[in-house]
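Last residue of the sequence shown? That's 293 in our numbering, and every number before it is there in order.
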Amino acid sequence: MKLSQILSQLLEEYTDRPLPLAILIERSGTNGFGTIAGILTIPMLIPLPIPLAGFSTLVGSGIILVGCQLALGYSKPYLPKRIARIELSPTASQKLLKNINRLLQPLERMSKNRFSRFSNSWWGYRIIGLCLAWDALLMSLPLPIPLTNLVPAYTLLFLAIGLLESDGLFILIGYGMTMVTTIFFASIAGTIWQLAIQAFSYLWP
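Structure follows, in structure tokens:
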């Protein structure tokens with residue numbers, strides 16, 4: 089089942105009661121890794137009244153956890169009980185899930201089951217898990233530069249949909265975007281380092 093279909097069902101069932109995170113995991117079944125990665129990533133791509141500096145670190149930590157589990161060969165994601173018991177209020181869950189669906193549906197229409205050796209193989213899962221964890225780590229960095237977390241967030245979204253749809257093409261795009269993201273952040277790190285050296289030389293000649 090597509091992630092947008094899962095979310096549509098939850099929208100109907102939880103219109104007036106809190107939505108536990110554990111239910112999202114339960115409904116996703118064998119697609120739990122892609123579901124969690126997608127649901128945690130998409131709020132980074134839509135306008136929400138959230139302080140992104142701390143929120144991106146929280147979201148990134150969750151994706152790093154499931155990415156490492158996928159890389160280590162877990163059959164389904166495991167979240168600590170404290171996180172699994174988190175509940176979204178009816179108002180928050182309705183707004184969040186509707187926004188997620190609005191962004192998801194066009195991408196799902198483009199994806200399909202293809203090149204499955206990149207998405208459904210033993211080695212494929214390991215590489216995808218490592219990429220999820222790495223991109224999430226980059227997304228969670230508290231850099232003082234606006235919109236830098238969007239680059240790894242879009243990368244994570246392609247990897248998540250590739251997992252959900254068994255779409256090897258989306259996975260390959262995600263791999264390519266992971267390389268671009270790494271180069272992008274490396275260039276930022278290099279620039280910051282050079283500025284720090286110049287500032288140090290200026291203050292202490």
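Positions of the beta carbon are idealized from the N, C-alpha and C atoms, including for glycine.
- Glu100 and Leu107 have their C-alpha atoms some 11 Å from each other.
- Less than 9 Å separates the beta-carbon of Gly155 from that of Cys219.
- Gln97 counts as exposed, since fewer than 16 other beta carbons sit within 10 angstroms of its beta carbon.
- Between Asn189 and Pro131, the C-beta spacing is not below 9 Å.
- No beta strand (DSSP E) of 3 residues or more sits fully in the segment 213 to 248.
- Residue pairing of Asp255 in beta bridges, as defined by DSSP: Arg202.
- Going by DSSP, Gly120 is part of the alpha helix (DSSP H) stretching over 120 to 129.
- The three-state reading of DSSP puts Pro108 in strand, counting E and B together.
- Secondary-structure assignment with DSSP links Leu176 through a beta bridge to Leu107.
- With fewer than 16 other beta carbons inside 10 angstroms of its own, Val268 counts as exposed.
- Secondary structure note for Leu98: its alpha helix (DSSP H) is the uninterrupted segment 91 to 101.
- Counting C-beta pairs closer than 8 Å gives three or more between the segment 269 to 289 and the segment 228 to 239, which meets the contact rule.
- Under the 10 Å beta carbon count, Ser207 is surrounded by 16 or more other beta carbons and is classified as buried.
- Contact annotation: Thr266 and Asp223 have beta-carbon atoms nearer than 9 Å.
- Sequence-distant partners of Tyr102 (beyond 5 residues in either direction) whose C-beta falls short of 7 Å from its own C-beta, in its chain, are Pro178, Ser181.
- Apart from sequence neighbours up to five positions away, the residues of its chain that approach Gly212 with a beta-carbon distance below 6 Å are Phe206, ordered along the chain.
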